[in-house]
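Residue 152 is where the sequence shown starts when you use this note's numbering, and the numbers rise one by one after that.
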Amino acid sequence: MNIYIPIPDSDNYDGFYPLNQEYAHGILSRFLNFAMYQDIEEKSEWIPLPVGIKPFSTKRGDFLGVVAWTFACNNKAWKILEPLIGDSVKLLPLQCDEGEFNILKVINIIDCLDRSKADLFIFEETGRVLRIEKHAFKEELIQDQHFFAVPECKFGILVSQKFKDLVEESQLKGLKFKQVA
């Protein structure tokens, strides 16, 4: 079973930048569950984050990077992907003068990491996983899962071969894929 990490292709396609850096950092950290905020529950509604587009030459993809490996997609990409991943995603709209874009926040968290075979970097003091060096999965738990994360790394999106194939067959631009299993 092939599993991938989707990565915004920021070397070849445009990306977003927040219009208010300080405000954006706090909002993105809380809503996207980055690092130390992993276990904080969302207590308020998402307010569309004001962003601009940082052009890279003239390439505008269907997926644009937001921060780290987080990405947003345009409406064209969402219409194609929704039948496959609609139940696994919460859309977080961005406020952008150049079109409608939504961050794809993974909400499908599956406890499927095979810790006996995976290579994990763990903080000894807390036992918390800092990063996954080598993924290994309990495949029976992810048979029909196409967009998910594991509890050890809730902010890291994982996708199936079917997701990757759909993106490529539909000629959606702006993502590259790193195979992890």
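Note that the Cβ used here is the ideal one computed from N, Cα and C, for glycine as well.
Please read all numbers here as calculations on a predicted model, not as lab measurements.
Distance between residue j and residue i (C-alpha atoms, nearest Å)
{"i": "E290", "j": "C263", "result": "7 angstroms"}
{"i": "S180", "j": "K256", "result": "12 angstroms"}
{"i": "I261", "j": "P302", "result": "7 angstroms"}
{"i": "F252", "j": "N225", "result": "5 angstroms"}
{"i": "A300", "j": "G307", "result": "6 angstroms"}
Contact set for residue i: own chain, Cβ-Cβ below 6 angstroms, skip 5 residues either direction
{"i": "G166", "result": "K205, L215, G216"}
{"i": "A228", "result": "D213, L323"}
Short Cβ contact (9 angstroms threshold) for residue i with residue j
{"i": "L326", "j": "L235", "result": "no"}
{"i": "P169", "j": "F222", "result": "no"}
{"i": "K315", "j": "N153", "result": "yes"}
{"i": "P244", "j": "P201", "result": "no"}
{"i": "Y155", "j": "L292", "result": "no"}
{"i": "F272", "j": "R282", "result": "yes"}
Coil, strand or helix - residue i by DSSP
{"i": "K285", "result": "strand"}
{"i": "L323", "result": "coil"}
{"i": "Q294", "result": "coil"}
{"i": "F314", "result": "helix"}
{"i": "Y174", "result": "helix"}
{"i": "N253", "result": "strand"}
{"i": "N225", "result": "strand"}
Proximity test, Cβ basis, 9 angstroms: residue i and chain B
{"i": "F328", "result": "Judged by its chain identifiers, the structure shown contains no chain B, having just a single protein chain."}
Same chain, Cβ closer than 8 angstroms to residue i, five either side skipped, listed in chain order
{"i": "L242", "result": "W229, N253, I254, L255, K256"}
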